[in-house]
Amino acid sequence: MLTIYTPVHKIQIELHETLKSLKNQTDKDFRWLILLNGEAKDKEQDLRAQGFNYDWIDIYSTDIVNNIGALKGLCCDYIKEGICVELDYDDLLTEDAVTELKLAFEDSDTKFIYSNGAQFKYEQDGTISSPIFGKQYGWNWKPFYSKIHNTILNE
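So in the working numbering, the last spot in the sequence shown is 1395, and the numbers never skip.
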């Protein structure tokens, strides 16, 4: 089993985009563990009412704050077995990410997969922009996933 975990200290619009990217996975055999803490600690019912009510989503809460290492450790404690994948509240996955992660871990030599990141922002008109990889700097990018890392290509 593959479990994706996300510590959440404040419920923001980006978390809804993360949910969309998980709903769009071609491989539906995974779980999403959300660990509410800080301002979000007592917001499980609010989150469920906002559409986070699928049977593949597990929501926990904790009093731990300001210690991301402890929060990640607690997430892994809840998972117990299988593949653990961290996903930040404001990250998105390509539709085949779960499939690709499972394939990568089928390789007996694979013990750890790292993903670097890039900053993207949804504009009011529905387009996506990036302050770092901006088109104004000559970048023409598209997200892609590989077994090695998730990055942005300069085309």
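Virtual Cβ for every residue (Gly too), placed ideally from N, Cα, C.
Being a predicted model, the structure only gives us computed values, none of them experimental.
Grouping DSSP H, G and I as helix and E and B as strand, with all else coil, what is residue i?
i	result
threonine 1258	helix
lysine 1281	coil
glutamate 1340	helix
phenylalanine 1292	coil
glutamate 1346	helix
leucine 1287	helix
lysine 1407	Beyond the ends of the chain as shown, which are 1241 and 1395, falls residue 1407; an answer cannot be given.
threonine 1391	Unreliable placement is indicated for threonine 1391, whose pLDDT of 41 sits below 50; no coordinate value is reported for it.
Per DSSP, what are the beta-bridge partners of residue i in this structure?
i	result
isoleucine 1244	Trp1272 and Val1325
Here's the rule I'm using: 16 or more other beta-carbon atoms within 10 Å means buried, otherwise exposed. How should residue i be labelled?
i	result
threonine 1243	buried
threonine 1266	exposed
alanine 1280	buried
isoleucine 1319	buried
valine 1305	exposed
isoleucine 1308	exposed
leucine 1333	buried
leucine 1262	buried
isoleucine 1274	buried
leucine 1287	buried
leucine 1343	exposed
asparagine 1277	buried
Self-check item: Contained beta strand (DSSP E) runs [length at least 3] in the segment 1295–1329, N- to C-terminal order
Solution: 1297–1301 and 1323–1326
Practice problem: Count the CB pairs spanning the segment 1320–1327 and the segment 1288–1308 that are closer than 8 Å, and state whether there are at least three. | Solution: no
Quiz item: Given 8 Å as the limit, is there contact between the segment 1260–1274 and the segment 1329–1347, that is, 3 or more CB pairs closer than that?
Solution: yes
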